[in-house]
Amino acid sequence: MGILKFKSHLSKLPSLLFRNNNLHTSKTFLKFNLLSANYCSGNPLQLQDNEHFTLPKFLDVHLSNASQTLKLHPTWLRDHCRCPDCYNAVTYQRKNDILKLNEHSTISAHSQSDGLLHVLWSDGHKSIYSIPWLISNTYEGRCRTQEEEANRLITWDGSMGNLPSLEPILYHNAMHDDNTLSEIYRRVIQYGFVQIEQVPSTEIDTKMIIERVCRMSRTVFGKFWETGTNFDHMDTGYLNGYLEAHTDNTYFTEAQGFLVFHCTHFNGKGGESFLVDGFHVAKQLKQLDPIAYDYLSKANITAEYIEPGEHFSSGGAILRHDPVSHQLEQIRFNMLDRAPLTSVPQSEVGTFYRHLRTLAMLVRQKENEYWFRLSPGTVMVIDNWRLLHGRNSYEGKRVLRGCYYSRSDFMSKARHYGIIL
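Note that full-length UniProt numbering has the sequence shown beginning at 1, numbered continuously upward.
#1: Ends of the beta strand (DSSP E) at S136?
#2: Please classify H104 as buried or exposed, where buried requires at least 16 neighbouring CB atoms within 10 angstroms.
#3: Give the range of the beta strand (DSSP E) segment to which E395 is assigned.
#4: Spell out a yes or no on whether the region 282-292 and the region 401-410 are touching, meaning 3 or more CB-CB pairs, one atom from each, closer than 8 Å.
#5: For K269, which of helix, strand or coil comes out of DSSP?
#6: L170 to V260, Cα distance in whole Å?
#7: Can you tell me whether residue 433 is helix, strand or coil according to DSSP?
#8: With DSSP as the reference, label M216 as helix, strand or coil.
#9: Quick one: any contact between the region 132-139 and the region 91-101, if contact means 3 or more CB pairs under 8 Å?
#10: I'd like the list of long-range same chain contacts for H321, defined as Cβ closer than 7 Å, with 5 residues on each side in sequence excluded.
#11: Taking the beta strand (DSSP E) that V61 falls in, what are its first and last residues?
#12: Assuming residue 425 and G278 are in contact, meaning their beta carbons sit under 8 Å apart, how far apart are those beta carbons, in whole angstroms?
#13: By the 10 Å Cβ neighbour count, where 16 or more other Cβ atoms means buried, how is N334 classified, buried or exposed?
#14: Return the residue from the list K397, S393, R398, D383 that minimises the CA-CA distance to M411.
#15: Report yes if the C-beta distance between K269 and E369 is below 7 Å; otherwise report no.
#16: With 16 as the cutoff for other CB atoms within 10 Å, does V281 come out buried or exposed?
#17: Buried or exposed, going by whether 16 or more other CB atoms sit within 10 Å of the CB of A414?
#18: Since M160 sits in a beta bridge, which residues does DSSP pair it with?
#19: Short of 8 Å in beta carbon distance, which residues of its chain neighbour I419, apart from the five on each side in sequence? Order them along the chain.
#20: Can you find the residues in the same chain that come closer than 6 Å, C-beta to C-beta, to L421, ignoring five residues on each side of it along the sequence?
#21: For H355, count the other beta carbons within 10 Å of its own beta carbon; 16 or more makes it buried, fewer makes it exposed. Which is it?
#22: How many Å lie between H176 and D205 at the Cα?
#23: Would you tell me roughly how many angstroms separate the C-alpha atoms of T378 and T155, rounded to the nearest one?
#24: Assuming D79 and L101 are in contact, meaning their beta carbons sit under 8 Å apart, how far apart are those beta carbons, in whole angstroms?
#25: With distance defined between alpha-carbon atoms, name the residue in G241, L120, P345, D60 nearest to L72.
#26: Considering only residues of the same chain and omitting the five flanking positions on each side of S408, which have a CB-CB separation below 6 Å?
#27: Checking the sheet assignment: what are the DSSP bridge partners for R373?
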């Protein structure tokens, strides 16, 4: 009965809260008591203001550069204590109670020496923090780190003229040397792709190098897929016609982060492949038409994939940004998989198509296309959140094997190798 009563009062909250537009600040809202809630415990549910959260005494940490300080909230510091009582270093999980943080967040004393911050709390608890760790794990420090990582990305056009001459990555080295594996991750993160040469053109060897790099991801297309020998799925990629530049899986809630290609057999003509750096195109769009860039960063576009027994559908912005750093993190561009346009009012349709055509025009500029031939022996790993890929039509037999890597799995390995934070 308590839960039902609680729900009945919640349903009245919007009218109660907004009936009077002269309500005073957030304190009035925070002190609003749901007196008849009796939710679970039988006690009234009260949302109260707390001076530890709203009026904190920030602790100033002096950085190596004497002119800079890092201001830290005491509640954040207590929540991030890494002593054995607060943090399990074996499982890498917290042990402290979020509901008790405000009771323990008063600092009695603190000192700083040898790159460490020592804090004594009012309840007698002691915490020790590495100052570099504090910098890396605050909002302010992480924003700076993400900006630095974004600046290390090298975008390119079809000439590849700004890319350094890179030594080929060989299959044997990748299979037996972790430093080579780390270099694979570095190139994919920095340039959006990597090529691994001298891979035997067998299914077994292709799987071996794929799994050496990262775990394969299972999707509706299977775990390890093959095109050119059948029409197992209702996708244009399984046919031999021209494929315009696109990213995969725009119809998944989270598109697979990376894809792997190995052309293990080709006997015919045509079939050349090409890549477009979506982040480079996004830069061009932002310079050419910032209004279009902003629109395509917000408008929700739905994509779908349909075959017997399946109907995937997902929406999102074409240009997706990190919610904290606001750096571009994904381009969702696939003109073939667009679902009926139900997310844009008819009054905005003209604006939508105008901005979409501007982006498509930049994607299709020949100067942005890097053409090459996928040949037996070369495995290519591509960032599906950054690069668009396409293919010329072909005649004859062309067998392409590959897989997807989830973004979570691949970026986990990249952090393990210290490529990203």
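Yeah, the Cβ is synthetic: ideal placement off N, Cα and C, and Gly gets one too.
This is what the structure gives:
#1: From DSSP, S136 is part of no beta strand (DSSP E) but of the alpha helix (DSSP H) over 131-136.
#2: By the neighbour-count criterion, in which 16 or more other beta carbons inside 10 Å mark a residue as buried, H104 falls on the buried side.
#3: 394-405 is the span of the beta strand (DSSP E), which, as asked, contains E395.
#4: Using a C-beta cut-off of 8 Å, the region 282-292 makes no contact with the region 401-410, since fewer than three inter-stretch Cβ pairs fall below that distance.
#5: Here DSSP, grouped into helix, strand and coil, assigns K269 to strand.
#6: When rounded, the separation of the alpha-carbon atoms in L170 and V260 is 16 Å.
#7: Coverage of the chain is limited to positions 1 through 421, which leaves residue 433 absent and any answer about it impossible.
#8: In the structure shown, M216 adopts coil according to DSSP, grouped into three states.
#9: Fewer than three Cβ pairs drawn from the region 132-139 and the region 91-101 lie within less than 8 Å of each other, which leaves the two stretches out of contact.
#10: Within the same chain, H321 has close Cβ partners S297, Q327, L328, E329.
#11: It spans 59-62 - the beta strand (DSSP E) in which V61 sits, taken as one unbroken run.
#12: Lying outside 1 to 421, the shown extent of the chain, residue 425 is not represented and no answer is given.
#13: Taking a 10 Å sphere around the C-beta of N334, we find 16 or more other C-beta atoms and assign the residue as buried.
#14: A check of alpha carbon separations from M411 across K397, S393, R398, D383 identifies D383 as the nearest.
#15: Contact: no.
#16: Buried, by the Cβ-count rule.
#17: The residue in question, A414, is buried, as its Cβ has 16 or more Cβ neighbours within 10 Å.
#18: M160 is not bridged by DSSP to any residue.
#19: Excluding residues up to 5 positions away in sequence, S182, Y185, R186, I189 lie with their Cβ nearer than 8 Å to the Cβ of I419 in the same chain.
#20: Annotation for L421: T145 place their beta carbon closer than 6 Å to its own, counting only its chain and skipping 5 residues before and after.
#21: With a threshold of 16 other beta carbon atoms within 10 Å, H355 meets it and is buried.
#22: Between H176 and D205, the C-alpha separation is close to 14 Å.
#23: It is roughly 22 Å from the alpha-carbon of T378 to the alpha-carbon of T155.
#24: Contact annotation, D79 with L101: C-beta distance approximately 6 Å; criterion of less than 8 Å satisfied.
#25: Cα-wise, what sits closest to L72 is D60.
#26: Answer for S408: no residue qualifies.
#27: Looking at the DSSP output, R373 shares a beta bridge with no other residue.
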